[in-house]
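Working notes, structure below.
Residue numbers (the numbering used here): 1079 to 1336.
Here it is as structure tokens:
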């Protein structure tokens, strides 16, 4: 299977954005639209792959993770991640419960409308990552090659105001001016504290960590798993990552990579 094109390259700005669905992706793309020389016509679906690949007067392109790594020396790259437990529930509620039918990639996985959360988890466990719908693909699969994080800057959605301000300052020093605050796009679930209702047993938590263990340990390793499930406020972190940042070897030894 061809590698998905998850990164947006802004050619004029030497800027790369690693897209993570269900992690402020629509809001960030709306902000990046302001960097285009011409604003898209009203009604244009700026969240679509087609727009970023074909409808920006050749100012942008979609590239693979491997190409993004090749551009790492000449481009500044960034992404935002989300509490993997929260992101999973957002995808489940939107794609499995709210929508009349799941997107085709999820249907191909065996996901059906209205199925229980535990059955949904079992489908994910039984499916190889290469067959995943992008909305449930682990963030480490979207942003890492082997043991290397490709984006130089990784912010967290839970701290998006602070981290967007940090990113904005970094880009401003490179002559790139982005919006002061992100527009609110596709904000659905207002109850941010309801994760315990889904992850109410050790078995369900263990199943989730079998899939998203790398995400927790790579992007939320400064707090406990219980802290993440309870969606408590997070401590300050360093959002900048060096080229050589590695995933700990014991992640692999514990079997969290598939």
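Where is the CB? At the ideal position from N, CA and C, for every residue including glycine. The model shown is predicted, which means the values in this text are computed figures rather than measured ones.
Check, Outcome
"The region 1206–1217 / the region 1161–1180 touching (three or more Cβ pairs under 8 Å)", "yes"
"Own chain, CB closer than 6 Å to residue 1218, minus 5 neighbours either side, in chain order", "1292, 1293 and 1296"
"Three-state secondary structure (DSSP) of residue 1117", "coil"
"Cβ-based neighbour list, residue 1083, same chain, cut-off 7 Å, excluding 5 preceding and 5 following", "1140, 1141 and 1142"
"Run of the beta strand (DSSP E) containing residue 1187, from where it starts to where it stops", "Note, residue 1187: premise wrong, no beta strand (DSSP E); alpha helix (DSSP H) at 1182–1187."
"Beta-carbon spacing of residue 1108, residue 1165 below 8 Å", "no"
"Length of the line joining the Cα atoms of residue 1279 and residue 1290", "16 Å"
"Complete beta strand (DSSP E) runs within the region 1191–1258 (minimum length 3 residues, chain order)", "1231–1234"
"Counted within 10 angstroms of its Cβ, other Cβ atoms place residue 1250 as buried (16 or more) or exposed", "exposed"
"N-terminal and C-terminal residue of the alpha helix (DSSP H) that residue 1272 is part of", "Taken as a continuous stretch (DSSP letters only), residue 1272 belongs to no alpha helix (DSSP H), as it is neither H nor E."
"The region 1223–1236 contacting the region 1145–1158, beta-carbon criterion three pairs below 8 Å", "yes"
"Residues of its chain near residue 1189, where Cβ-Cβ distance is below 7 Å and the 5 sequence neighbours each way are ignored", "1174, 1180, 1198 and 1201"
"Contacting residues, own chain, Cβ-Cβ under 8 Å from residue 1147 (five flanking each side not counted)", "1223, 1226 and 1228"
"Residue 1308 versus 1283, 1262 and 1317, residue with shortest Cα-Cα distance", "1283"
"Close beta carbons around residue 1085, own chain, < 6 Å, minus the five adjacent residues each side", "1094, 1096, 1141 and 1146"
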